[in-house]
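Chains as they are written, first to last, in the working numbering: chain S, 18 to 241; chain X, 247 to 745; chain E, 39 to 254.
Below: one structure, written as C-alpha cells.
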Amino acid sequence: MSITIGPLHGRARRAARIEQLHAPGLAPASLIYLLLATPWARQWLEATMSAHMLVQIPLLAGCGFLAASALGEARQARLLAALGGPVPCLLAALLASSYWMLPRALDAALVDPLTELAKFLTLPALVGAPLALAWRPLGAIGRGFVWNNLASMLAVLGWLYLAAPVRICNSYSVFDQTHAGWSMVWLALGLFGAWLGSLFVRPLSGPNRSQTRVSTQEGQAWTT
Amino acid sequence: MLTTTHTTTTDDRGAQTGVVAYLFTAAAVVLLMMLFGLLMRLEQAQLIEMGPQPFYKLMTLHGAGMVGIAGIAGAAVMWHFLRQYVALSTGILMTNLALFLAGVVMILTSVLLGDFHGAWTFLFPLPGQSMGMWSTQAAALFMAGLLVIGVGFLLLHLDIARAILARHGSLARALGWPQLFGRDDGKAPPPTIVASTMVTIVNLIGLVVGASILTMMLVNLYVPGLQIDALLAKGMIYFFGHVFINATIYMAVIAVYEILPRYTQRPWKSNRVFLASWSASTLMVMFIFPHHLLMDFAFPKWMLIMGHVIGYLNTVPILLVTGYGALMLVYRSGIRWDMSSRLLYVSLFGWAAGAMPAFIDGTISVNYVMHNTLWVPGHFHTYLLLGMLAMVFGFMYYLGKPDRDAPDGLLDRIAFWCYTGGTLGFALSFLYGGKESVARRYAVHLPEWVPYDKAGAAFALLLISGALWFMLRFFARLGQTRHDHARTPEPASCPAVTA
Amino acid sequence: MPCGDRMSTTHAGAGLLRSLAVSALVALVGSGVLWWGTDGARAFTAEAARRVEILRAPRVLPAVTLEDQGGARFALDAYRGRLLAVEFIYTHCDSVCLSLGMAFRQIRDQLPAQVGGQELALVSISFDPARDTPARMREYAARFGADGSVWRIARVPDPAELDALLEAFGVIVIDDQRGGYEHNAALHLVGRDGRLSEIRDLDEIAAFTERIGDLL
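Right, here's the structure in full:
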C-alpha cells in the first residue's frame with residue numbers, strides 16, 4: 018500500500034500534543050480497570066451473556082487502548098517499531114479477540130479463576146493496546162478496512178449465536194444467547210452506520226484548499 | 247507541503263498504465279464472456295448440443311465474469327477522471343486488480359474443475375445442496391473468490407472515500423448538499439465527484455452486506471446445522487448484487503460528464519436538479535432490489551411495495567437529468583461527431599431503452615408473469631451493452647485517439663453499426679422471446695421460442711464482431727497515445743458556472 | 039515530508055522484514071492457542087469440550103449418597119463393576135428432561151432381553167432435591183416406565199455432594215427465571231471402574247446404545 022507515513026508525522030505529532038493535553042491518560046484507564054475487577058462489577062457484568070461479551074470484554078480492551086494511548090507519541094512510535102509495525106499488532110488483536118469470542122472461553126472464565134485472570138490480562142494487553150498503537154499508522158484506508166470488517170464479522174457472529182441449534186454456553190440461557198445475538202447484529206449495524214454517518218458530517222478542517230485541483234497530500238479525513 | 251499542480255509524470259504514467267491494465271482485463275474477459283453468451287444462445291437456438299450442465303457452467307461464468315468486469319471497467323472510467331480532482335493511490339488501484347484476478351482464478355477453478363454451476367447469484371441454499379453435482383469445496387471456492395473480489399473493491403472505494411474527504415471535507419459536501427439545501431453559490435463539486443461519491447457510498451454498504459452473507463453461507467456450507475433464513479439470504483444477496491451492478495453504470499456515466507463537454511466546449515454544470523437527482527438515487531438505488539422479488543409472495547408485502555414504488559421512481563432522476571443535460575450540451579454546439587461522442591450519445595439512449603423493460607417489469611401484476619422469462623435478460627442486456635459498455639467503449643475511443651482531429655476509419659463506422667444494430671436486435675430477441683413465453687413457470691424451453699433464439703444468436707455474432715473491432719482498435723492505438731496524455735488533463739466541467 | 043526522507047531503503051527493508059517476521063510469529067502463536075483452546079477445532083463450546091476431555095481422560099467421580107424413588111439410600115459407588123448410564127433431570131422440567139426420559143426408555147428397550155441389572159444400570163439423577171421428593175420421583179418413574187431396579191430415579195439429598203457431583207460431570211444448572219432450570223443435557227456413560235468415560239448428545243441414542251453393546 019502506498020500510504021505514506023512521512024507527511025503524517027508532522028500532523029500526527031501536533032495531534033498527539035493536543036491529545037496529551039486532553040488525554041484521558043493512565044489514571045482513568047486504571048480506575049475503570051480496577052472497577053471492572055471488583056467482585057460486584059464482575060458478578061453484574063458476567064450475569065448475562067450480552068453484558069459479558071458486549072460490555073465487559075470491550076471495556077477491558079478499551080482500558081488497554083486508553084493506557085497505550087497515554088504513553089505519548091514518541092514511546093508509542095518506538096514500541097510500534099519494535100513490534101514490527103501495525104500489521105502484527107492488528108493480527109494479535111484479531112486473534113486474541115477471536116479467542117474470547119469462543120463460547121467455551123466465556124464459560125471457562127466463569128468457572129475457572131485462572132481463565133478469568135487470563136481474560137483480564139490479555140484483553141487489555143493483546144487486544145486494546147496493540148490496536149491503540151496500530152490505529153493511527155494504519156492510515157485512513159486501513160482504519161476503514163478494519164471498521165468495515167468489524168461490522169461485517171460482528172453481524173455474522175450475531176447470526177451464529179442466533180442460528181446455533183443448541184445452547185452454546187452452559188452458563189447462559191437460550192434466551193440470553195438470543196439476546197446477545199440480536200445485540201451483536203444491532204451493534205454491527207450501529208457501528209457501520211455511525212462510521213458511514215461520520216463521513217457525512219465531518220466539517221472541513223482549516224482553510225478551504227479547493228484552489229488546488231490535485232493535492233498530493235495524504236487524506237487524514239477520518240481518524241477514529 | 248501542498249503542491250498546486252501535478253507535475254510528477256512517473257505517477258501519471260503509473261496511473262495511466264493502471265487504467266489501461268483495467269481496460270485490458272475488462273476487454274479480455276468481456277470478449278470471452280460474450281463468446282460464452284453466444285454459445286448459450288446457440289444452445290437455446292438448438293444449433294449446438296451441449297446439455298444442461300455445460301450450459302449452467304457457462305451461465306455461471308458468464309454472470310460472474312460480466313458483473314466483475316462491469317465493475318472493473320466502470321472503475322477504470324471513474325478512476326481515470328476522478329484522479330484529475332483528487333489524489334488517488336495507484337497502489338490501491340493495482341491491489342484491486344490483483345485481488346480481482348486472484349478471485350477470477352478461484353471462480354474459474356471452481357466452475358471448470360469443480361463443476362460448480364449454481365449461477366453467479368449463489369442463491370441460498372443452492373451452493374450447499376448440489377445433489378452431488380459439485381463438491382462443497384467447489385462451492386466454497388466460488389464464494390471465496392467473490393469475497394476476494396469484494397475485498398479488492400472495498401479497498402478501492404475506501405481509497406476513493408479517503409481522497410474525496412481530503413479534498414471536500416465530507417461526503418455531504420462532495421454530494422453538493424450545501425448547494426442543494428442552502429444557497430447555490432455555484433461552487434458545487436463537479437459531476438465526477440458527485441457521481442464517484444454516490445457510487446462509493448452505495449458500494450461500501452453493498453460490499454459489507456455481500457461479505458456478511460458470503461461468510462454466513464461459507465459457514466453454513468461446512469456446518470449445515472447453522473441454518474440461514476432463506477428469505478434473509480435472498481434479500482442480502484440481491485441487495486449486494488443489485489447495488490453492485492447498478493453502481494457500474496453510475497461509474498461509467500462519468501465518461502459522458504467528462505468527455506461530451508470537451509467536445510462541445512461547454513461545461514457540465516452541477517446545478518441543483520443534478521445534485522438532487524444524484525442524492526435521491528444514492529438512497530433509492532439501495533431500495534429497488536425487491537423489484538426482482540415481486541414473484542416471491544413469501545417476502546413481506548411492504549418490501550415488495552417498496553420495490554415497486556422506488557423501482558418506478560429511480561428510473562427517472564439521473565437518467566432524465568443526464569439525458570436532458572446531454573441534449574442541452576449538444577444542442578447547437580457544433581459538436582464534431584466521432585466514434586467517442588457517438589458511442590457516448592448512443593449509451594444514453596441505451597440506458598433509457600434498457601430502463602424501460604425494467605420499468606414495465608417493475609409493475610407487480612406484470613412481474614408475476616414476466617419475471618421468469620427472457621424479458622429480464624432482455625432488460626439488463628440492453629442497459630449493460632448499449633448503455634454501460636457503450637460508455638466504456640466511448641471512453642476507450644477517447645483515450646485511444648492519437649490527436650483531436652484523427653479521423654475514424656471506415657471499419658470503425660461499420661463496427662459502430664454492427665455493435666448498435668447487433669445489440670438492438672439481440673436485446674429485442676430476448677424481449678420478444680420473453681413476451682412470447684408468458685406465463686412461464688418451469689425450467690422448460692419450448693420449441694415455439696427457438697426462432698427468437700436463432701435471431702438472438704445471429705445478432706450476438708454481429709455485436710461481438712463490433713466489440714472486437716473496438717477493442718482491437720484501442721489496443722493497436724495504445725503505442726501511439728501512451729506518451730500523449732498531456733492532451734487530456736483539462737476537465738472543461740471543473741469550473742462550474744452558476745445556473 | 040519531514041520524516042519520510044530520513045528513512046533509507048535499507049531501513050524500510052529491515053522494517054518490512056521485521057513486520058513479516060513478527061506477523062508470522064503472532065499468527066503462529068495465535069492460531070496455536072486457538073487450536074489448543076478448541077481441542078484442534080473440535081470443541082468451540084464448553085459442552086463439546088467436556089465431551090472431548092472425558093474421552094481423553096475418563097474422570098473419577100466423587101462419593102455421593104443418593105436416594106431413589108422408593109426412598110432407599112445408596113452410594114453411587116455401589117454401581118462399580120457395572121456399566122452405568124446417567125442423565126441429569128428435574129421432574130418439573132417440561133422440555134429437555136422429557137427428551138432425556140424418552141431417550142433412556144429407548145436405550146432400556148433396545149438392550150437385549152438377557153442383559154439384566156447385573157451388567158448395566160440406568161439412573162436419572164435429579165438436581166432439584168428440594169422439590170423432587172421420593173413421591174414426586176415415583177410419579178416421574180411411572181411416566182417413563184423406570185422400574186426402580188434396572189432404571190432408577192434418584193436425588194442427591196446433600197447439597198455439597200450434589201455440587202461436587204455436578205462439577206465432576208461438568209453439568210451446569212442455571213435458573214431460568216420461570217421457576218425452572220436450564221441445564222446441559224446429555225447421555226453419560228460411567229465405566230465398570232466407576233469413571234465417567236463417555237458423553238453423548240441427546241440425539242445420538244443409537245451410538246450410545248451401540249457403545250454399551252460393545253462394552254457388554
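Note that the Cβ used here is the ideal one computed from N, Cα and C, for glycine as well.
Asked: Whole angstroms are fine: how far does the CA of Leu-714(X) sit from the CA of Ala-272(X)?; Found: 12 Å
Asked: Trp-203(S): buried (16+ other C-beta within 10 angstroms of its C-beta) or exposed?; Found: exposed
Asked: Let me confirm a value: Leu-234(E) is counted as buried when at least 16 other C-beta atoms fall within 10 Å, else exposed. Which label applies?; Found: buried
Asked: Below 7 Å on C-beta distance, what does Gly-198(S) contact in chain X?; Found: Per Cβ cutoff of 7 Å: no residues; Gly-198(S) is ~12 Å from chain X at best.
Asked: When Cβ atoms are compared, which residues of the segment 152-178 of chain S fall closer than 7 Å to chain X?; Found: Ala-157, Ile-158, Gly-161, Phe-162, Asn-165, Ala-168, Ser-169, Ala-172, Val-173, Trp-176, Leu-177
Asked: Can you give the Cα-Cα distance for Gly-109(E) and Gln-215(E), rounded to whole angstroms?; Found: 30 Å
Asked: Starting from Ser-235(E), trace the alpha helix (DSSP H) in both directions and tell me its first and last residue.; Found: Where Ser-235(E) is concerned, there is no enclosing alpha helix (DSSP H), although the beta strand (DSSP E) it sits in stretches over 233-238.
Asked: Is Leu-38(S) helix, strand or coil by DSSP?; Found: With a pLDDT of only 47 at Leu-38(S), under the threshold of 50, the placement of this residue in the model should not be trusted; the figure read from the coordinates follows. Residue state, collapsed to three classes: helix.
Asked: Which chain S residues are close to Gly-422(X), counting only those with a beta carbon under 9 Å from its beta carbon?; Found: In chain order: nothing, as chain S lies at least about 13 Å away.
Asked: Which residues does DSSP list as the beta-bridge partners of Ala-113(E)?; Found: Thr-103(E)
Asked: Are three or more beta carbon pairs between the segment 428-441 of chain X and the segment 515-526 of chain X nearer than 8 Å?; Found: yes
Asked: Starting from Leu-122(E), follow its DSSP beta bridges and name the residues at the other end.; Found: Ala-159(E), Val-228(E)
Asked: With burial defined as no fewer than 16 other Cβ atoms inside 10 Å of the residue's Cβ, what is the status of Ile-551(X): buried or exposed?; Found: exposed
Asked: Taking just the CA atoms, how far does His-363(X) sit from Leu-203(E)?; Found: 54 Å
Asked: So Ala-180(S) contacts chain X; which residues on that side make the cut at Cβ distance below 8 Å?; Found: Leu-472, Gln-473, Ile-474
Asked: Closest to Glu-105(E) by C-alpha separation, out of Gly-251(E), Gln-148(E), Pro-195(E), Val-228(E), would be which residue?; Found: Pro-195(E)
Asked: DSSP three-state label for Asp-201(E), please.; Found: helix
Asked: Please name the residue in Pro-697(X), Leu-631(X), Gly-646(X) whose C-alpha comes closest to that of Trp-597(X).; Found: Leu-631(X)
Asked: Looking at chain S, is there any beta carbon in it that lies within less than 8 Å of the beta carbon of Ser-61(E)?; Found: yes
Asked: Run through DSSP, which three-state label would Thr-609(X) get?; Found: coil
Asked: Output needed for Leu-334(X): all residues of its chain with C-beta closer than 8 Å, excluding positions within five of it in sequence on either side, in chain order.; Found: Ala-261, Trp-325, Leu-328, Asp-405, Ile-406, Ala-409
Asked: Give a yes or no on whether the minimum CB-CB distance between Ala-701(X) and chain S is below 8 Å.; Found: no
Asked: From the DSSP output, which residues share a beta bridge with Tyr-219(E)?; Found: Asp-213(E)
Asked: Would Glu-464(X) pass as a contact of Asn-165(S) if the rule is Cβ separation under 8 Å?; Found: Just to set this straight, residue 464(X) is Leu in the shown sequence, not Glu. Not closer than 8 Å, so no.
Asked: So which residues on chain E does Pro-105(S) lean against when the C-beta distance must stay under 8 Å?; Found: Ser-57, Val-60, Ser-61, Leu-63, Val-64
Asked: In or out: Gly-183(E) buried (at least 16 other Cβ within 10 Å) or exposed?; Found: exposed
Asked: Can you grab the Cα-Cα spacing for the pair Leu-171(S) / Tyr-643(X), in whole Å?; Found: 46 Å
Asked: Please work out which residues of its chain come closer than 8 Å, Cβ to Cβ, to Pro-197(E), disregarding the five sequence neighbours upstream and downstream, and give them in chain order.; Found: Pro-167
Asked: Among Leu-573(X), Tyr-577(X), Phe-533(X), which one has its Cα closest to the Cα of Asn-560(X)?; Found: Phe-533(X)
Asked: Looking at Val-638(X): is its Cβ nearer than 8 Å to the Cβ of Ala-319(X)?; Found: yes
Asked: What does Ser-164(E) pair with, by DSSP beta-bridge criteria?; Found: Ile-127(E), Arg-193(E)
Asked: For the alpha helix (DSSP H) holding Val-144(S), just list the boundary residues, first then last.; Found: No alpha helix (DSSP H) holds Val-144(S); DSSP gives it neither H nor E.
Asked: Using DSSP with H/G/I as helix, E/B as strand and the rest coil, what is Val-188(E)?; Found: coil
Asked: Nearest-angstrom Cα distance between Ser-641(X) and Ile-451(X)?; Found: Note on residue identity: the sequence assigns Phe, not Ser, to residue 641(X). Rounded to the nearest angstrom, the two C-alpha atoms are 28 Å apart.
Asked: State buried or exposed for Ile-315(X), treating a residue as buried only when at least 16 other CB atoms are found within 10 Å of its CB.; Found: buried
Asked: Could you have a look at Arg-723(X) and say whether DSSP puts it in helix, strand or coil?; Found: helix
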